[in-house]
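Below is one structure, written out as structure tokens, with a few remarks after it.
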Amino acid sequence: MTARPPALAEEAARILQTNDRGGYSIPTAGLYPMQFNWDSAFAALGYRKLDPDRAWQEIETLLAAQHDDGMIPHIVFRGDCRGYFPGADVWQAGGAPPTSGITQPPVAAMAARRIFDLHGAPQPAERLDSMIRRLATWHEWFSRSRRDPGTGAALVTHPWESGRDNSPDWDAAMARVKPEPGLTYQRADLDHVDAGQRPHRADYDRYLTLVRFGVRLKWQQDNLAAQSPFRMLDPLITAVLARADSDLARLAADRGMTTEAEAAERRAAAWQSGLRALWSDGAKAVVARNPDSGEFSSSPTAASLLAPLAGIRDERILAGTLALFDRMASQTRFGAPSADPSCPEFDPCRYWKGPVWAVINRLIGWGLEDMGETARAAKLRRDTADLAAQSGFWEYYDPLTGEGLGGSDFTWTAAVYLDWAGEEGR
Ligand code: 9WN
């Protein structure tokens with residue numbers, strides 16, 4: 017039996033309230049007991065339905081963790097973080113509260129723009145001005161410390177920075193990372209989730225090796241971008257930056273911050289051209305790319321469906337994107353699978369190797385709606401809502417059966433339902 021939509025919206029609201037730690041949220045108790053960067057951006061979109069001021073607070077607490085160089089870290093270790101590995105003691109990245117040493121997809125400006133458009137500015141409105149300044153400083157940091165000069169696309173220095181940890185996009189580059197000899201550590205994720213739904217031990221060895229590399233560089237971000245044993249160009253972060261900078265430009269213009277608005281417009285155009293440089297004639301899609309060899313990833317992933325979000329309207333890229341969307345949709349009951357079902361690495365249960373993620377559907381749907389592709393966007397919304405109705409609000413789902421996987425009672429999945437998926441037909 018499937019839950020009826022009003023009951024589902026109530027359940028989603030209950031999850032947001034349960035995971036609210038007072039001004040910030042955790043993704044889910046146990047598995048992720050602290051604040052995560054893009055999780056908070058999506059959480060804000062859910063809180064806006066319950067209390068817009070609480071939504072603004074979520075963004076403010078995230079931005080409050082900004083490093084001196086402008087980076088907003090991927091984890092802010094607030095509250096009792098025991099039970100998560102690697103903790104602040106491993107990262108050694110400083111901050112009060114302590115943080116990780118890398119960033120995550122910058123969805124926060126997109127969330128801020130949407131909350132502003134639908135609910136107006138927070139009170140007093142100067143709060144929004146400080147958020148705009150912090151977002152602008154963060155986005156400038158991306159242009160300075162994560163922009164590949166060759167292609168103009170965004171570089172990631174750790175799979176965790178991409179937010180799509182074990183995506184096939186990173187397999188070739190990860191295979192070249194030599195794990196540090198004699199690493200001993202105790203994973204905490206397997207206390208909460210079945211090993212078949214999480215990355216392998218060989219992945220964790222490399223995740224840790226890369227963290228220790230950053231510690232040795234004292235998290236000097238420009239050096240990290242130049243020297244990290246893992247450097248890849250990410251279509252998702254590039255597309256999100258194009259969209260987030262254009263949203264930031266609109267927000268800044270609305271607040272009369274002309275200099276910030278013009279700078280954000282320029283950055284948005286530069287990220288769009290960076291995304292075009294990820295177009296592969298072989299894959300007929302925008303895909304991850306090695307900045308050193310220029311080599312393209314051999315198969316597309318869900319991140320290849322984000323050119324519309326970036327505001328790209330080139331005929332060839334849009335036609336390739338829609339054809340890929342249709343092919344992937346024909347291969348799974350629920351879209352969008354995080355990895356291409358035709359690729360040998362596809363695994364419907366293992367994290368970013370195939371499962372559906374509500375937040376990725378939200379980003380793809382956002383772009384499709386922008387370009388007037390309402391039928392395809394509606395399919396993704398319906399699939400996202402059907403997954404919640406069938407299984408509840410999980411971290412991710414099997415695209416073939418709809419089974420809920422990973423952590424349960426998950427903040428960003430509940431938030432995407434409230435903000436978007438559960439809205440269908442209203
Ligand atoms: C490492 C919190 C985060 C998400 C990421 C997701 C997962 C962390 C982990 O959980 O990553 O950053 O420990 O597995 O991949 O996108 O932000 O929900």
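Residues in the sequence shown are numbered from 17 upward in steps of one, following the working numbering.
Even glycine gets a Cβ: it sits at the ideal position worked out from N, Cα and C.
Could you round the C-beta distance between S9 and R283 to whole angstroms and report it? I think they count as a contact, below 8 Å. Outside the modelled stretch of the chain, which goes from 17 to 442, sits residue 9, for which no answer is possible.
Contact under 7 Å by Cβ, A23 with Y433: Position 7 of the sequence shown, counted from the first residue, corresponds to residue 23. Position 417 of the sequence shown, counted from the first residue, corresponds to residue 433. Cβ atoms of A23 and Y433: not closer than 7 Å.
Could you check whether the Cβ of G420 sits closer than 6 Å to any heavy atom belonging to the ligand 9WN? For this step, residue 420 is matched to residue 404 along the sequence shown. Not so, every heavy atom of the ligand 9WN lies at least 6 Å from the Cβ.
Which of helix, strand or coil does DSSP assign to V227? The residue labelled residue 227 in the question sits at position 211 within the sequence shown. Of the three classes helix, strand and coil, the one that applies to V227 here is helix, per DSSP.
Are there 16 or more other CB atoms within 10 angstroms of the CB of L199, so buried, or fewer, so exposed? Looking up residue 199 in the sequence shown gives position 183. Here L199 is exposed: its Cβ has fewer than 16 other Cβ atoms, across all protein chains shown, within 10 Å.
Nonlocal neighbours in the same chain, by C-beta distance under 7 Å from T348, ignoring five residues either side: Along the sequence shown, one-based indexing puts residue 348 at 332. Taking T348 as the centre and dropping the five residues before and after it, the same chain places the C-beta of P357, P415, L416 closer than 7 Å to its C-beta, in chain order.
Using the Cα positions of A125 and K395, report the straight-line distance between them to the nearest angstrom. Within the sequence shown, numbered from 1, the residue matching residue 125 stands at position 109. Within the sequence shown, numbered from 1, the residue matching residue 395 stands at position 379. Going from the Cα of A125 to the Cα of K395 covers about 26 Å.
With 16 as the cutoff for other CB atoms within 10 Å, does D219 come out buried or exposed? Here residue 219 refers to the residue found at position 203 when the sequence shown is read from its first residue. Burial call: buried.
Quick one: grab the DSSP three-state call for R163. For the purposes of this step, residue 163 is taken as the residue at position 147 of the sequence shown. In the three-state reduction of the DSSP assignment, R163 falls in the strand class.
Closest by C-alpha distance to I376, when choosing among R64, A109, E411: The residue labelled residue 376 in the question sits at position 360 within the sequence shown. Considering only alpha carbons, the answer is E411.
First and last residue of the alpha helix (DSSP H) that includes F58? Taking the sequence shown and counting its residues from 1, the one referred to as residue 58 is at position 42. Membership of F58 in the alpha helix (DSSP H) is indicated by the continuous run 53-66.
Return the CA-CA distance between T337 and L322, expressed in angstroms with no decimal places. On the sequence shown, position 321 is the one that residue 337 refers to. On the sequence shown, position 306 is the one that residue 322 refers to. Approximately 8 Å between the Cα atoms of the pair.
Test item: CB-CB of P121 and E361 under 7 Å: The residue you call residue 121 lines up with position 105 of the sequence shown. The residue you call residue 361 lines up with position 345 of the sequence shown. No, the Cβ-Cβ distance between P121 and E361 is not below 7 Å.
As a quick exercise: from T254, P364, R130, A137, pick the residue whose alpha carbon is nearest that of Y413. In the sequence shown, counting from the first residue as 1, residue 413 sits at position 397. Check the Cα spacing between Y413 and each of T254, P364, R130, A137: the tightest is with P364.
Rounded C-alpha distance that separates R442 from S56: Counting from 1 along the sequence shown, the entry for residue 442 is found at position 426. Counting from 1 along the sequence shown, the entry for residue 56 is found at position 40. Reliability fails at R442, whose pLDDT of 41 lies under 50, so the model's placement of it is uncertain and the value that follows must be treated cautiously. If I take the Cα positions, the gap works out to 26 Å.
Does at least one heavy atom of the ligand 9WN sit under 6 Å from the Cβ of F246? By one-based count along the sequence shown, residue 246 stands at place 230. False, no ligand heavy atom lies under 6 Å from that Cβ.
Below 8 Å on the Cβ atoms is my guess for P215 versus Y367; work out the distance and round it to an integer in Å. Here residue 215 is taken as the residue at index 199 of the sequence shown, counted from 1. Here residue 367 is taken as the residue at index 351 of the sequence shown, counted from 1. About 6 Å; that satisfies the 8 Å criterion.
Examine the Cβ distances between the segment 138-157 and the segment 101-115 and report whether three or more of them are shorter than 8 Å. Taking one beta carbon from each stretch, the segment 138-157 and the segment 101-115 have fewer than 3 pairs nearer than 8 Å; the two do not touch.
For R259, I'd like the list of residues in its chain whose CB is within less than 7 Å of its CB, leaving aside the five on either flank, ordered along the chain. Residue mapping note: residue 259 aligns to position 243 of the sequence shown, counting from 1. Correct list, in chain order: M126, L325, A326, G327.
Does DSSP put I91 in a helix, a strand or coil? To locate residue 91, count along the sequence shown from 1; it is residue 75. In the structure shown, the three-state DSSP call for I91 is strand.
Classify M17: buried if its beta carbon has 16 or more other beta carbons within 10 angstroms, exposed otherwise. Taking the sequence shown and counting its residues from 1, the one referred to as residue 17 is at position 1. Low per-residue confidence applies at M17: pLDDT is 46, beneath 50, and the placement is therefore not dependable enough to give any value.
Can you tell me which of the three DSSP states L199 falls into? Numbered from its first residue, the sequence shown carries residue 199 at position 183. If DSSP states are grouped into helix, strand and coil, L199 belongs with coil.
L171, buried or exposed, once every other Cβ within 10 Å from all chains shown has been counted against 16: As a first step, residue 171 is located in the sequence shown; it is residue number 155 there, counting from the start. Flag for L171 reads buried.
Assigned exposure category for D399 - 16 Cβ within 10 Å defines buried: Locating residue 399 in the sequence shown gives position 383, counting from the first residue. Answer is buried; the Cβ neighbour count reaches 16.
DSSP beta-bridge partners for P307? Here residue 307 is taken as the residue at index 291 of the sequence shown, counted from 1. None, per the DSSP bridge assignment.
Which of helix, strand or coil DSSP assigns to V432: Indexing the sequence shown from 1 puts residue 432 at position 416. Looking at V432 - three-state DSSP - the assignment turns out to be helix.
CB of W176 to nearest heavy atom of the ligand 9WN: below 6 Å? Here the question's residue 176 lines up with position 160 in the sequence shown. Proximity of the beta carbon of W176 to the ligand 9WN is indicated: a heavy atom of the ligand is located closer than 6 Å.
Any heavy atom of the ligand 9WN closer than 6 Å to the Cβ of D363? Reading the sequence shown from its first residue, position 347 is the one you call residue 363. Every heavy atom of the ligand 9WN is 6 Å or more from the Cβ of D363, so no.
Cut-off 6 Å between Cβ atoms - residues of its own chain near R305, not counting five sequence neighbours on either side: Numbered from 1 along the sequence shown, position 289 holds the residue referred to as residue 305. If the five residues before and after R305 are omitted, its C-beta is found closer than 6 Å to the C-beta atoms of L249, L294, F312, all from its own chain and listed in chain order.
Assuming contact is defined by CB atoms lying nearer than 7 Å, are E74 and T119 in contact in what I supplied? Translated into the one-based positions of the sequence shown, residue 74 becomes position 58. Translated into the one-based positions of the sequence shown, residue 119 becomes position 103. Their beta carbons are not under 7 Å apart, which means E74 does not touch T119 by this criterion.
Excluding five sequence neighbours on each side, which residues of the same chain lie with their C-beta closer than 6 Å to the C-beta of Y223? Taking the sequence shown and counting its residues from 1, one reaches residue 223 at position 207. For Y223, where only same-chain residues beyond five positions count, there are no Cβ hits under 6 Å.
Cβ neighbours of A255 in the same chain (closer than 7 Å, five flanking residues each side left out): Sequence index remark: in the sequence shown, residue 255 carries index 239 (1-based). If we look at A255 and ignore the five residues flanking it on each side, its Cβ neighbours are L291, L322, A323, L325, A326.
Endpoints, alpha helix (DSSP H) assigned at W235: Within the sequence shown, numbered from 1, the residue matching residue 235 stands at position 219. Unbroken run through W235: none, as it is neither H nor E.
Outcome for T429 when other beta-carbon atoms lying within 10 angstroms are tallied against a minimum of 16: Within the sequence shown, residue 429 is the residue found at index 413, counting from 1. It counts as buried.
So which of A299, E439, A211 has the shortest CA-CA distance to G422? Translated into positions along the sequence shown, residue 422 becomes position 406. Nearest to G422 by C-alpha distance, out of A299, E439, A211, is A211.
Beta carbon of A81, beta carbon of A71: below 7 Å? For the purposes of this step, residue 81 is taken as residue 65 along the sequence shown, with counting starting at 1. For the purposes of this step, residue 71 is taken as residue 55 along the sequence shown, with counting starting at 1. For A81 and A71, no; Cβs fall outside 7 Å.
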